[in-house]
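For reference, the structure is listed below as structure tokens.
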Amino acid sequence: MTDRSFHQVLESARAGDGRAFEQLYESMHRRVYAFAASRGASDPEALVNEVFLKVFTNIQTFVGNKAQFSSWVFKIARNKLIDESRRRKRRVEESQLNDDHRSAAAWANAETEALAHIEDEWVSEQLDLLTAEQRDVVVLRVVSGLTIEEIADVLGKRVGAIKAMQRRAFRTLARNLERQAVPQ
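Offset between the sequence shown (1-based) and our numbering: plus 108.
What follows is the structure, encoded as structure tokens:
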């Protein structure tokens, strides 16, 4: 979607066009889902729905271009993740015996599921080496594909600070990968 077509879609959404809302959702929901999942959201799909509900109920207040819209959506997602984290800290987590989110098809291919889980665990372990802000920068940059400027807007920081955080994060990850390397 170009900036021009984005503006047309945005105006249609503001006018209540359901198809325009759908186009905005489709253009961003995967990236927001990936961001939520990588940040440990208990239910990333539900969080995405909450984010877009807020986006659509407040779309009249948004002013800007496509990149600014993307930043605005990720600000909302980040704030929802912060709210969820605070809620979790306030209540005791209950253990669940059954994982309602697994489908019968997932059980059919346990090997694929196990490998995906190991990969997810490994990525989570790597991200846990970073500070919370560094993790946000890496996830927003790599997973969500935002620019440095957009990340600065989402996190409310200067572009130079984002570049420095990204540089430190990548150095930390590189050092850890060097330590994990197996000599051949």
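Every residue, glycine too, gets a C-beta built ideally from N, C-alpha and C.
Beta carbon of residue i nearer than 8 Å to that of residue j
i	j	result
L248	A277	no
V140	A185	yes
L254	S135	no
H137	V156	yes
L235	S150	no
L263	I270	yes
Q274	V231	no
A121	I167	yes
E119	A175	no
Helix, strand or coil at residue i [DSSP, three-state]
i	result
T280	helix
L235	helix
F177	helix
A185	helix
R275	helix
G268	helix
A123	coil
P193	Reading off the sequence, residue 193 comes out as Ser, not Pro. The answer is helix: DSSP assigns S193 an H, G or I state.
S113	helix
Boundaries (first-last residue) of the alpha helix (DSSP H) holding residue i
i	result
S146	G126 to S146
F160	P152 to T165
Q168	Looking at the DSSP string, Q168 is not in any alpha helix (DSSP H), and its letter there is neither H nor E.
L263	I256 to L263
A240	A240 to V246
Assumed close pair residue i, residue j - CB separation to whole angstroms, cut-off 8 Å
i	j	result
S252	F170	Actually they are not in contact, since the Cβ atoms of S252 and F170 sit about 18 Å apart, beyond 8 Å.
K188	E158	6 Å
heavy atom of the ligand ZN below 7 Å from residue i C-beta
i	result
K265	By its list of ligands, the structure shown contains no ligand whatsoever, and the ligand ZN lies outside what it can speak to.
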